[in-house]
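Quick note on this note's numbering: the sequence shown kicks off at 30 and runs consecutively. Think of the CB as a built atom: it goes at the ideal place given N, C-alpha and C, for glycine as much as any other residue. Quick notes on the structure that follows.
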Amino acid sequence: MHNSSNNNSEPEPEAWTRIRRQARIQRITTRHPFLSVGLPFLVAVVGGSFVLLLTQETKYEIRDKRIQNLSMDEALPPRRKFDIQEEYFRMKSKGDWGGSWEPKRVPRAAEDEPVFDRYDK
């Protein structure tokens, strides 16, 4: 007679296969710790790099579409032609030089002084 009550101390046949499978996995991971530590780490690193790659691709694709939709006038800021004299007068009128600036010669030693008549004699 088959007793199907919960007081039965023997596990059911499918429970035995599950227990055997768990014992086999535990035995293998105990012998080869790379399978329980190294392999999951490598899977996480490689998987993470693929996820980041896909996110960056999407980011750049969206940016490229937005840039392609802009016209040339919207994309580039207006530029004015550079003129050195205009910049000089603009800076002088703004007072960017401190107001009291004037060019002064720096004193140099006599031997550093360029003398052109030295070789004429």
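Query                                                                                                                                 : Result
Pick out the complete alpha helix (DSSP H) segments inside the segment 75 to 129, 4 residues or longer, and give them in chain order. : 101 to 104, 113 to 123
Rounded to a whole number of angstroms, what is the C-alpha to C-alpha distance between glutamate 115 and arginine 109?               : 11 Å
Quick check: what's the CA-CA separation for tyrosine 135 versus aspartate 141?                                                       : The question names tyrosine, but residue 135 in the sequence shown is valine. Using only the alpha carbons, I get a separation of about 12 Å.
Quick one: Cα of threonine 59 to Cα of arginine 95, how far?                                                                          : 54 Å
Going straight from the alpha carbon of arginine 53 to that of valine 72, what length do you get?                                     : 22 Å
With DSSP collapsed to three states, give me the class of glutamate 140.                                                              : helix
Looking at the unbroken alpha helix (DSSP H) that takes in glutamate 43, where does it start and where does it end?                   : 42 to 60
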